[in-house]
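One structure is given below, encoded as structure tokens.
Residue numbers (this note's numbering): 88 to 231.
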């Protein structure tokens, strides 16, 4: 493969990696913000239902937001898993390209493990925030 074509391929793969990172960032930030907003709304709805005349409409709002939280976080986690898979494929291709050209010593393949750990942490954060945004208001509603 010519140097010009190799350079273009390298640029394309790096560009795909950057796009994948931006997409992952959007999913993580969006899901975190959504969870925090829903936590606030659910908390307000759950505590507003206390008293002598609990509003049945508040229970419906709480239920809809719990379902929305589950769905949005499921989609975000699936997107992160797909992003992780894409990153592994792209970096594996880069490593092969580097090996074919005798420059693989300049890229540490253990970075793949670091990326995998980062994705696991992102998923853990989303799951924990989703659980908090669902369980805390439900506990406030049921115990309060």
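Every residue, glycine too, gets a C-beta built ideally from N, C-alpha and C.
In the assembly as shown, residue 193 is an exposed residue. Its beta-carbon has fewer than 16 other beta-carbons within 10 Å. No Cβ-Cβ contact shorter than 9 Å links residue 221 with residue 145. Counting only the Cα atoms, residue 218 lies some 10 Å from residue 160. DSSP places residue 106 inside the alpha helix (DSSP H), whose first and last residues are 90–135. Taking 4 residues as the minimum length, the region 152–209 contains no alpha helix (DSSP H) run wholly inside it. By the Cβ neighbour-count rule, residue 133 is buried, with 16 or more other Cβ atoms within 10 Å of its own. In chain order, 100 place their CB closer than 6 Å to the CB of residue 181, counting only its own chain and leaving out the 5 sequence neighbours on each side. Taking one beta carbon from each stretch, the region 111–118 and the region 207–215 have 3 or more pairs nearer than 8 Å; the two touch.
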